[in-house]
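>
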Amino acid sequence: MKILVAGGAGYIGSHMVRMLDTLGHAVVTFDDLSAGFREAVLGGVFVQGSLHDKAALKELFGANQFDAVVHFAGSIAVGESVRDPAKYYQNNLTGTLNLLDAMREHGVNKMVFSSTAAIFGNPQYVPIDEAHPQAPINPYGMTKWVTEQILRDYDAAYGLRSVTLRYFNAAGAAPDAALGERHDPETHLIPLALRAASGKLPELTVFGTDYDTPDGTCIRDYIHIVDLCEAHLLALQHLISAGESRAYNLGNGQGYSVKEVIEVVKKVTGMSVPVKYGPRRAGDPPRLVADATQIRKDWGWSPKYAALETIIEHAWQWERH
Ligand code: UDP
97 MKILVAGGAG
107 YIGSHMVRML
117 DTLGHAVVTF
127 DDLSAGFREA
137 VLGGVFVQGS
147 LHDKAALKEL
157 FGANQFDAVV
167 HFAGSIAVGE
177 SVRDPAKYYQ
187 NNLTGTLNLL
197 DAMREHGVNK
207 MVFSSTAAIF
217 GNPQYVPIDE
227 AHPQAPINPY
237 GMTKWVTEQI
247 LRDYDAAYGL
257 RSVTLRYFNA
267 AGAAPDAALG
277 ERHDPETHLI
287 PLALRAASGK
297 LPELTVFGTD
307 YDTPDGTCIR
317 DYIHIVDLCE
327 AHLLALQHLI
337 SAGESRAYNL
347 GNGQGYSVKE
357 VIEVVKKVTG
367 MSVPVKYGPR
377 RAGDPPRLVA
387 DATQIRKDWG
397 WSPKYAALET
407 IIEHAWQWER
417 H
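If you use our numbering, the sequence shown corresponds to residues 97 to 417, in order.
This is the structure we're talking about:
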């Protein structure tokens with residue numbers, strides 16, 4: 097396959113590029129490096145460019161005949177999206193529309209799209225299956241939800257087929273520590289907790305201790321980056337073999353509170369984690385846990401690294417590396 101990975105220099109995208117390249121597929125990464133890192137692209141061809149640059153997209157699609165696009169490019173921080181929604185609507189919606197236009201103009205009709213548990217908003221029940229009502233409570237989730245509707249309409253009108261994968265919390269690193277989570281600034285719990293453990297950060301702030309959960313902190317479903325990428329491979333195979341559009345929730349089905357994550361970080365690192373308790377972060381639902389029964393049933397997806405301890409061990413090896 098010849099695959100375009102939009103956002104292939106980012107955390108999830110770079111692991112996907114490496115996996116596709118290792119399996120012998122031709123991969124082109126398109127990334128503006130606004131959030132990603134050139135050195136994270138460990139295989140294939142790298143093209144620096146922005147989804148806001150229609151001429152660059154035209155050139156990219158003119159020069160390559162892609163079988164499919166895997167679309168990771170976008171802004172991803174819930175808290176920032178509340179403070180600066182314009183950035184999110186511009187990057188995640190305008191950027192995606194430009195990418196879809198280029199695909200249509202060049203007859204590329206398959207996309208695997210990165211969506212999120214944030215499209216569900218405050219859950220009415222957990223674990224969250226695909227039938228759960230969708231009502232995002234932050235601009236980040238809203239941009240992903242709207243994109244899902246766009247993809248549905250583009251399939252009906254233009255025959256552009258897509259698989260949408262709604263990630264819960266992507267975490268961990270490549271088991272050989274060649275790649276891992278890297279954001280600047282880092283906002284995610286596991287890397288920040290590891291940095292607090294190793295002394296790179298003076299302390300970790302826990303955002304909110306008054307949620308309606310057993311220990312008062314938010315519960316999330318952490319999924320290993322490699323397991324997430326495996327699901328994208330299955331999605332590509334499905335689309336290439338003429339499968340119809342689908343949307344799946346993707347997580348391990350096991351929720352951990354912020355305090356429980358900190359406990360596992362202490363165990364894995366053998367160090368203490370200095371913690372400060374702060375107010376809630378805007379836009380955070382109390383509990384997000386996936387019901388991923390559907391993708392397991394349809395495609396036989398099954399996580400290799402479901403244990404939180406393994407996820408954090410790999411993240412720790414990467415942090416130290
Ligand atoms: N969190 C926290 N302190 C931090 C970063 C995150 O308490 O410094 C919490 C956050 O409020 C959420 C959970 O950890 O409940 C996971 O947050 P993260 O940003 O890693 O992922 P998200 O759930 O936003 O995708």
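Using N, Cα and C, we set each Cβ at its ideal position, and we do this for glycine too.
List in chain order the residues whose CB is within less than 6 Å of at least one heavy atom of ligand 1.
Residues with a Cβ closer than 6 Å to any heavy atom of ligand 1, in chain order: 174, 265, 283, 284, 285, 288, 300, 301, 302, 303, 314, 316, 354, 377 and 380.
> In chain order, what residues of the same chain have a beta carbon less than 6 Å from the beta carbon of residue 351, not counting five sequence neighbours either side?
Same-chain partners within the cutoff: 315, 317 and 385.
> Just to check my reading of the structure: residue 349 and residue 229 have Cβ atoms closer than 8 Å, yes? What is that Cβ distance to the nearest angstrom?
Not a contact, Cβ separation roughly 19 Å.
> For the alpha helix (DSSP H) holding residue 333, just list the boundary residues, first then last.
Counting along the chain, the alpha helix (DSSP H) containing residue 333 begins and ends at 321 to 336.
> How about residue 285 and residue 369: do their beta carbons lie closer than 7 Å?
Cβ distance not < 7 Å, so residue 285 and residue 369 don't count as in contact.
> Applying the criterion that 16 or more other CB atoms from any shown protein chain within 10 Å of the CB defines a buried residue, is residue 409 buried or exposed?
Its Cβ being crowded by 16 or more others within 10 Å, residue 409 is buried.
> Assess contact between the stretch 234 to 251 and the stretch 360 to 368, defined as three or more Cβ pairs (one per stretch) separated by less than 8 Å. Is contact present?
No contact exists between the stretch 234 to 251 and the stretch 360 to 368.
> So is residue 117 buried or exposed if we call it buried at 16+ other beta carbons inside 10 Å?
So residue 117 ends up on the buried side.
> Residues bridged to residue 258 by DSSP?
DSSP, once it has assigned bridges, lists 207 as partnering residue 258.
> According to DSSP, residue 167 sits in a beta bridge with which residue or residues?
DSSP output for residue 167 lists 102 and 209 as bridge partner(s).
> Going straight from the alpha carbon of residue 322 to that of residue 259, what length do you get?
Cα to Cα, residue 322 sits roughly 18 Å from residue 259.
> Going by DSSP, what residues sit across from residue 300 in a beta bridge?
DSSP lists 371 as partners of residue 300.
> Give the range of the alpha helix (DSSP H) segment to which residue 401 is assigned.
Premise fails: residue 401 is in no alpha helix (DSSP H) and is neither H nor E.
> Look at the alpha carbon of residue 357 and the alpha carbon of residue 391, and state the distance between them as a whole number of angstroms.
Approximately 26 Å between the Cα atoms of the pair.
> Among the residues of its own chain, which have a CB less than 6 Å from the CB of residue 198, if the five just before and after it don't count?
Excluding residues within five positions, the ones whose Cβ falls inside 6 Å are 153 and 157.
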